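*Asks:* Chains as they are written, first to last, in our numbering: chain E, 75 to 453; chain L, 75 to 453.
Note that CB positions come from ideal geometry on N, CA and C, so glycine has one too.
The structure displayed is predicted, hence computed values, not measured ones.
This is the structure I have questions about; it appears just below.
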């Protein structure tokens, strides 16, 4: 007997309603039956994105939707700002480079959030900047950016604000319209509690103006074609039918729960997790800007970080994430996103305590779990 | 009570093993557990593709893999040949146009297959041609191309042969290596009996040589990055985990069945379907080059083709496909691909007969079903 517990920042666990929807016989996508589903999915996404603008469903990983943002908005030689505060911020720069777009890169120390004033400074220095690429929650460090403040800065300029909200949307607050986010990109396997395979992208009026003059080559990710198709409740290419059907299930759940409840649940889990780590004598990697979806924790001295993650997973079935790139072996990432509740956090913490003990780290057994329980009880 | 029967050329019905696999809890993709799955899936795909070369799994519709072929092989201003014998052949031309590639288009009358001699002629006339884009089974017309003969022609030139085998692979024969197919593209929702959402692409040595000098911008569909990742049994971006897990299930089934048995089953179903249509006094749209995966049939005079398809689907739950683009209302397409057996064909034919009667078409009730039964019995 082996039971698996998933506490990674994507994929996140699937609600049983999703598993059931995915296991149903397939239907054809060019039918009134699927059209009703596509319509409900698109409307539901607008609720979660908090937008009245367009939202499209793409059949791709989140990175495909990031590419869609770059190639639809810009042309080779255009100037943009890319905020790099981790592995996923770097992806914006790589994408721009691939399409000959000149990126003015704001390098932020891993574990810190970008200072909106730095974006302001760069925008003021170069009035030709057409877009600012940012990340809602940098999964590699657990840091959340202050998108609201960045939105206020960018709104004063002709540039559009693009946010990679693959990690975070539907779990922490992002008000696409109210905060002036022109293009918001997300994916299915995090806050949306689905398997990976579909991605979402919102487009504001200001973004459409830029799209209308962009010359980057594109076909599969062409949003102008997607817009024409959705006006007939269709997609340009065969969509990932079963994932869209399951999307409708989670959107119904999310609407019933309400965004405010979802956000406060994630905040509670994050607070409990942080309290537990502190009680275990562990240090947070990003104490000043940690997001509510994943907590990055420094591996204590003398402990093998990769072995910690591997043992939890292979010996006990609890999957958390290790560090990526420059943080490999130096942090572990304990996620609390999507279909996760307080007792999942408790279970994950108990496993963490067990393996830390086995690896010889000194602390009082139960201290982390107790600290989390206290936070949950106080709520 | 309403039971649904799916006889469309994609998506095709899901085997129960696939439904079960899709409904399982999700696992993380960067684990030994998923690596074993990715390895088995890649090996199994090589069996179905009949290749020793590379095969990659992309998270996209089939069109995404078509775009991958174009952007990885070519640069703007390159010269290529595109064979257009239907809607999907036209997609190659559109893709090339989007990336500034000069397509010499061979327009073939819808319902006919391309003459390999025409490709030979054009290749001889322009030694700069870098690629020939073709379609295994043109879903819009039901026509299959003679890829083996085209392969012999292209092999004599420096150009690579690219085949859109989205419709057909794993259902009718295509010997990637033996026939000299340099890049073969397929999708999950046809011969592979899965929901749409992942696509496959094979790459020969000759194709890699071209890829090494291609300058088209690319990121999400960059096959060089995919190659580096698969060497570590990884994917560059989060894959559609649940679809890859289900892919392993179908690949096991396909291997157990054996390609020859799969091909002969499709041939038998195609022959039965054609015999039935003939017995009903209906005319095939492409009698000379009809594929074994979908049969396009002319809508008889006086019958509303769109109403025929709609009534079968909405009144009786049997989904076949109507005509696309210039064939809208003029043909219907009865598919026999993937997880379909003789009694599915019989059921579909009975529904076709019922609705044809209701719409006032004159024929002997049962004649089509009987003709199909005779073909199945003779086998």
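Check the Cβ of residue 101(E) against every Cβ in chain L and list those closer than 9 Å, keeping chain order.
*Replies:* Here the neighbours are 78, 80, 85 and 393.
*Asks:* Using a Cβ-Cβ cutoff of less than 6 Å, which residues in the same chain neighbour residue 256(E) once the five nearest sequence positions on both sides are dropped?
*Replies:* Taken in chain order, the residues that qualify are 234, 235, 278, 280 and 281.
*Asks:* Could you list which residues in chain L have their beta carbon closer than 7 Å to that of residue 211(E), in chain order?
*Replies:* Correct list: empty, because the minimum Cβ distance to chain L is about 15 Å.
*Asks:* Can you name the start and end residues of the alpha helix (DSSP H) that residue 95(L) belongs to?
*Replies:* Per DSSP, residue 95(L) belongs to the alpha helix (DSSP H) from 90–96.
*Asks:* Give a yes or no on contact between the segment 102–118 of chain E and the segment 316–331 of chain E, applying the rule of three or more CB pairs nearer than 8 Å.
*Replies:* Flag = yes, the segment 102–118 of chain E and the segment 316–331 of chain E touch.
*Asks:* Kindly list, in the order they appear in chain L, the residues whose Cβ is closer than 7 Å to that of residue 97(E).
*Replies:* Ordered by position in chain L, the residues that pass the 7 Å Cβ test against residue 97(E) are 93, 94, 96 and 97.
*Asks:* Between residue 315(E) and chain L, is the shortest Cβ-Cβ distance under 7 Å, so that the two count as touching?
*Replies:* For residue 315(E), the answer is yes, since a Cβ of chain L falls inside 7 Å of its Cβ.
*Asks:* Using Cβ-Cβ distances below 7 Å, what residues of the segment 355–385 of chain E are close to chain C?
*Replies:* The structure shown has no chain C; the protein chains it does contain are E and L.
*Asks:* If we require 3 or more residues per run, which beta strand (DSSP E) segments fall completely within the segment 325–388 of chain E?
*Replies:* If we require 3 residues or more, the beta strand (DSSP E) runs fully inside the segment 325–388 of chain E come out as 368–372.
*Asks:* Between residue 448(L) and residue 276(L), what straight-line distance do the alpha-carbon atoms span, to the nearest angstrom?
*Replies:* One C-alpha to the other measures close to 39 Å.
*Asks:* Nearest to residue 368(L) by alpha carbon, out of 381(L), 388(L), 341(L) and 376(L)?
*Replies:* The shortest C-alpha separation from residue 368(L) is found at 341(L).
*Asks:* Alpha carbons only, please: which of 333(L), 253(L) and 270(L) is nearest the one belonging to residue 52(L)?
*Replies:* Given that chain L is displayed from residue 75 to residue 453, the structure contains no residue 52(L) and the question cannot be resolved.
*Asks:* Please report the straight-line C-alpha distance between residue 429(E) and residue 409(E), rounded to a whole angstrom.
*Replies:* C-alpha separation (whole angstroms): 17 Å.
*Asks:* If you follow the beta strand (DSSP E) that residue 408(E) is part of, which residue opens it and which one closes it?
*Replies:* 405–409 is the extent of the beta strand (DSSP E) around residue 408(E).
*Asks:* Mind the definition here: the segment 145–160 of chain E touches the segment 207–217 of chain E only if three or more C-beta pairs lie below 8 Å; say whether that holds.
*Replies:* Touching, yes.
*Asks:* Which full runs of the alpha helix (DSSP H) of 4+ residues lie inside the segment 184–221 of chain E, going along the chain?
*Replies:* The qualifying runs are 190–199.
*Asks:* When the Cα of residue 211(L) is compared with those of 358(L), 172(L) and 264(L), which residue comes out closest?
*Replies:* Ranking 358(L), 172(L) and 264(L) by Cα distance to residue 211(L) puts 264(L) first.
*Asks:* Do you know offhand how far residue 453(E)'s Cα is from residue 209(E)'s?
*Replies:* In a straight line, the C-alpha of residue 453(E) is about 30 Å away from that of residue 209(E).
*Asks:* Compute the Euclidean distance between the alpha carbons of residue 168(L) and residue 92(L), then round it to the nearest angstrom.
*Replies:* Residue 168(L) and residue 92(L): Cα-Cα distance of roughly 34 Å.
*Asks:* By Cβ distance below 8 Å, which residues in the same chain neighbour residue 303(E) in space, the five residues on each side in sequence not counted?
*Replies:* So the qualifying residues of the chain are 309 and 310.
*Asks:* Check each candidate in 88(L), 140(L) and 345(L) and name the one with the smallest Cα separation from residue 292(E).
*Replies:* Nearest of 88(L), 140(L) and 345(L) to residue 292(E), Cα basis: 140(L).
*Asks:* How about residue 149(E): is its C-beta nearer than 7 Å to some C-beta of chain L?
*Replies:* It does not: the Cβ of residue 149(E) has no partner Cβ on chain L nearer than 7 Å.
*Asks:* At a cut of 8 Å, does the segment 77–93 of chain E reach the segment 389–407 of chain E through at least three beta carbon pairs?
*Replies:* Segments in contact, yes.
*Asks:* Looking at chain E, which residues of the segment 168–187 of chain L have a Cβ within less than 8 Å of any of its Cβ atoms?
*Replies:* So the close ones are 168, 169, 172, 173 and 174.
*Asks:* Give the residues of chain E in contact with residue 291(L), contact being defined as C-beta atoms less than 9 Å apart.
*Replies:* By Cβ distance, chain E contributes 145, 150, 172, 173, 174, 290 and 291.
*Asks:* Residue 407(E) versus chain L: which residues are under 9 Å apart at the beta carbon?
*Replies:* Residues of chain L passing the Cβ test: none, with the nearest at roughly 12 Å.
*Asks:* Return no unless some Cβ of chain L is closer than 7 Å to the Cβ of residue 294(E).
*Replies:* It does; some Cβ of chain L falls within 7 Å.
*Asks:* Below 8 Å CB to CB, which residues in the same chain sit around residue 131(L) once its five sequence neighbours on both sides are set aside?
*Replies:* The residues are 112, 115, 116, 119, 272, 273, 274, 309, 313, 318 and 321.
*Asks:* Any idea what DSSP makes of residue 261(E), helix, strand or coil?
*Replies:* Residue 261(E): strand per DSSP, three-state reduction.
*Asks:* Use the C-beta contact count for residue 202(L): other C-beta atoms within 10 angstroms, 16 or more gives buried, fewer gives exposed.
*Replies:* Residue 202(L) comes out exposed.
*Asks:* Note down, in chain order, every chain L residue with its Cβ under 9 Å from the Cβ of residue 116(E).
*Replies:* Correct list: empty, because the minimum Cβ distance to chain L is about 18 Å.
*Asks:* Would you mind working out which of 327(E), 356(E) and 385(E) sits nearest residue 267(E), comparing C-alpha positions?
*Replies:* Comparing Cα-Cα distances from residue 267(E) to each of 327(E), 356(E) and 385(E), the minimum goes to 327(E).
*Asks:* Pull out every residue of the segment 404–435 of chain L whose Cβ sits closer than 7 Å to any Cβ of chain E, in chain order.
*Replies:* Against chain E - using a Cβ distance shorter than 7 Å - the segment 404–435 of chain L contributes no residues.
*Asks:* Across which residues does DSSP place residue 177(E) in a beta bridge pair?
*Replies:* According to DSSP, which records beta bridges pairwise, residue 177(E) is partnered with 154(E).
*Asks:* Please identify, using Cβ separations under 7 Å, the residues of the segment 257–275 of chain E that lie next to chain L, in order along the chain.
*Replies:* Listed by position along the chain: 263, 269, 270 and 271.
*Asks:* Output the distance between the C-alpha atoms of residue 144(L) and residue 206(L), rounded to the nearest integer angstrom.
*Replies:* Cα to Cα, residue 144(L) sits roughly 11 Å from residue 206(L).
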